[in-house]
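So the sequence shown is residues 25 to 327, counted in our numbering.
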Amino acid sequence: MQTFAGKVAVITGAGSGFGREFARIGARLGMHLVLADVQADALEAVRAELSAAGSKVISRRTDVSEDSEIAALAKATMDAFGSVHLVFNNAGVGSGGLVWENSLADWSWVLGVNLWGVVHGVRHFVPLMLEAATREPGYQGHIVNTASMAGLLNAPNMGIYNVSKHAVVSLTETLYQDLRLVEAPIGASVLCPYFVPTGISASHRNAPSAVSGAPATASQQAAQVMSNKAVGSGKVSATEVAERTFEAIRADQFYVFSHPHALGNVETRMKDIVGDRNPSDPFAARPDVRDALRNALRAARQG
Ligand SMILES: NC(=O)c1ccc[n+]([C@@H]2O[C@H](COP(=O)([O-])OP(=O)(O)OC[C@H]3O[C@@H](n4cnc5c(N)ncnc54)[C@H](O)[C@@H]3O)[C@@H](O)[C@H]2O)c1
25 MQTFAGKVAV
35 ITGAGSGFGR
45 EFARIGARLG
55 MHLVLADVQA
65 DALEAVRAEL
75 SAAGSKVISR
85 RTDVSEDSEI
95 AALAKATMDA
105 FGSVHLVFNN
115 AGVGSGGLVW
125 ENSLADWSWV
135 LGVNLWGVVH
145 GVRHFVPLML
155 EAATREPGYQ
165 GHIVNTASMA
175 GLLNAPNMGI
185 YNVSKHAVVS
195 LTETLYQDLR
205 LVEAPIGASV
215 LCPYFVPTGI
225 SASHRNAPSA
235 VSGAPATASQ
245 QAAQVMSNKA
255 VGSGKVSATE
265 VAERTFEAIR
275 ADQFYVFSHP
285 HALGNVETRM
295 KDIVGDRNPS
305 DPFAARPDVR
315 DALRNALRAA
325 RQG
């Protein structure tokens, strides 16, 4: 996708972090914006900021895990702007803990937002994009799904998140192939950030009461401490990641990484697979992190 001015972008999770930065860049490029987020006050702040700066922008409170709410978002997009060119299926939540300790409510919340949110976005927006391509001469579209480096690795104590993000990588790679198979003028990218300071460590602010009301297990508490530290001390900003993502859209580049140096762990994992070796220690380069986590879990077991 080469031209952005006057084109329509839909962004989920637009109230904070990467989504807010995608919206700001889209506005600077003269795009018409459709902003969605489950957190109404944060969404309204971004809408107000961008419309005050002169952008054509609508916003709609949307829970991406609900099919009917994404359907309504798609309808609102067509009613307001009559087309759609760029879609960011970006809303997501973080979660940790040992896999056998996570409740069904934890699984349902995180897979609902991180995986089903992307599924609903693809099911509702791709047909509208394919239709627009038949109407608009020279149509160019692009979809960006936000996964994570956790979609390419499997660090311990964050199983639900890993599962959800591996699924998003798989879905997006397949989407890329499907779009090529039907020769659609629509590109696809998967964004795989490492640790970047955003609101992700405070994801429970938007969790259903079955999740936020339940006491955190020891492993969840340990995961929260690690997430606060890793995300909080990230050196690459959400703005830089969003800028890199727009460059990737222009260049029709599929994989978008915030920390390319972290790909060594992905290479090790791939070598484990093709070499028929058991999974390597993901903390091999940071034994201090593994030891801190192991000590926290041991201390909790000993009560
Ligand atoms: N920040 C990181 O280190 C990092 C690393 C890898 C991947 N990611 C991914 O980046 C994406 C964006 O997260 P972020 O880091 O900007 O965090 P963030 O918390 O700043 O932003 C996420 C936004 O999604 C919204 N949201 C949460 N649940 C929702 C729902 N059910 N429906 C609609 N919106 C909902 C939140 O209100 C928030 O505005 C997520 O998919 C996350 O998993 C983040």
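The beta-carbon is built from N, C-alpha and C at its ideal position, and this holds for glycine as well.
Annotation: Gly120 to Ala179 spans about 10 Å, alpha carbon to alpha carbon.
Here the C-alpha atom of Arg325 lies approximately 31 Å from the C-alpha atom of Val137. Taking a 10 Å sphere around the C-beta of Lys31, we find 16 or more other C-beta atoms and assign the residue as buried. Per the C-alpha coordinates, the member of Gly256, Ala208, Met173, Met182 positioned closest to Tyr279 is Met173.
For Tyr279, DSSP records a beta bridge to Val214. Taking C-beta separations shorter than 6 Å and ignoring five residues to either side along the sequence, the partners of Asn126 in its chain run Ile184, following chain order.
In the structure shown, Thr158 falls within a helical segment according to DSSP collapsed to helix, strand and coil. Within a 10 Å sphere around the beta-carbon of Lys189 sit 16 or more other beta-carbons, which makes this residue buried.
Three or more Cβ pairs closer than 8 Å define a contact, and the region 78-89 meets that threshold against the region 55-62.
The C-alpha of Gln277 is placed about 36 Å away from the C-alpha of Ala246. Taking C-beta separations shorter than 8 Å and ignoring five residues to either side along the sequence, the partners of Ala156 in its chain run Ser107, Val108, His109, Tyr163, Gly165, following chain order. Here Ile167 is bridged, per DSSP, to Val111, Ala212.
Remark: three or more beta-carbon pairs, one from each stretch, lie closer than 8 Å, so the region 253-271 and the region 45-56 are flagged as touching. Taking a 10 Å sphere around the C-beta of His285, we find fewer than 16 other C-beta atoms and assign the residue as exposed. Residue burial is scored here from C-beta neighbours: Thr158 has fewer than 16 other C-beta atoms within 10 angstroms and is therefore classed as exposed.
Here Thr222 has Ser40, Gly41, Phe42, Val255, Ala262 as same chain residues with Cβ atoms under 8 Å from its own Cβ, once five neighbours each way along the sequence are excluded. Counting the other CB atoms within 10 Å of its CB gives Thr196 a total of 16 or more, which places it among the buried residues. When C-alpha distances from Ser243 are compared across Ala29, Asp300, Arg318, the shortest belongs to Arg318. According to the DSSP assignment, Ala33 belongs to the beta strand (DSSP E) that extends over 32-36. Cα atoms of Val193 and Ser304: separation of roughly 21 Å, rounded to the nearest angstrom.
Leu122 carries a coil assignment under DSSP once its states are collapsed to helix, strand and coil.
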